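A short worksheet on the structure shown next.
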Amino acid sequence: MKRIITYGTFDMLHYGHINLLRRAKERGDYLIVALSTDEFNQNSKQKKTYFSFEKRKQLLEAIRYVDLVIPEESWDQKVNDINLYQVDEFVIGDDWQGQFDFIGDQTNADVVYLARTPEISTTQIKKDLSIKNLATEHKSIVE
Ligand code: C2G
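Residue numbers (the working numbering): 301 to 443.
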């Protein structure tokens, strides 16, 4: 059984995330997602998520491609995770191209970077929504 692992925040789940998870699962038989905890997001990724860890975990566990969700609490846990779960392949979007090559040197796992889905990101969603809200507010004030 080929075991795959990937890491991420997966806030405000969107089709870019689903494309990544689908392609990751297609590369093997079992997909583990290490999901960034709220503390890790705030302290190490400077990300304030819309959904809590528990809610983001619930969403991921509902996806047919995901077999197991574990917490990501540190940048430094990947090698241990890969050894502990006997992972064959580490997969992540190519916005991280080259950042995790060390995993291939320090473990038996292959490292694969998959093309990001263009034009969609949690940041863009938040930006679009705030602009739409501003426009609506402005319209109601002007009218
Ligand atoms: N992704 C994608 N296409 C998008 C947006 C995201 O393929 N349009 C991918 C990212 O490349 C990543 C995964 O979806 O592989 C999760 O994205 P994020 O939640 O933004 O995760 P990130 O902040 O990149 O966290 O230790 C690694 C980090 O936890 C990765």
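Every residue, glycine too, gets a C-beta built ideally from N, C-alpha and C. Small disclaimer: the values here were computed from a predicted structure and weren't measured.
Task: Which residues DSSP lists as bridging residue 307, in chain order - done: 334
- [ ] Could you tell me whether the Cβ atoms of residue 316 and residue 417 are closer together than 8 Å?
- [x] yes
TODO: Count the other C-beta atoms from every protein chain shown that fall within 10 angstroms of the C-beta of residue 364, then say buried if there are 16 or more, exposed otherwise.
DONE: Answer is exposed; the Cβ neighbour count stays below 16.
Open item on the list: Applying the 10 Å Cβ sphere with the 16-neighbour rule, what's the burial state of residue 306?
Closed with: buried
Task: Short Cβ contact (8 Å threshold) for residue 360 with residue 333 - done: yes
Open item on the list: Rounded to whole angstroms, what is the Cα-Cα separation between residue 442 and residue 430?
Closed with: 18 Å
- [ ] Kindly provide the ranges of any beta strand (DSSP E) runs that are 3 or more residues long and lie completely inside the region 355-436, ordered along the chain.
- [x] Listed in chain order, they are 368-372, 389-393 and 410-414.
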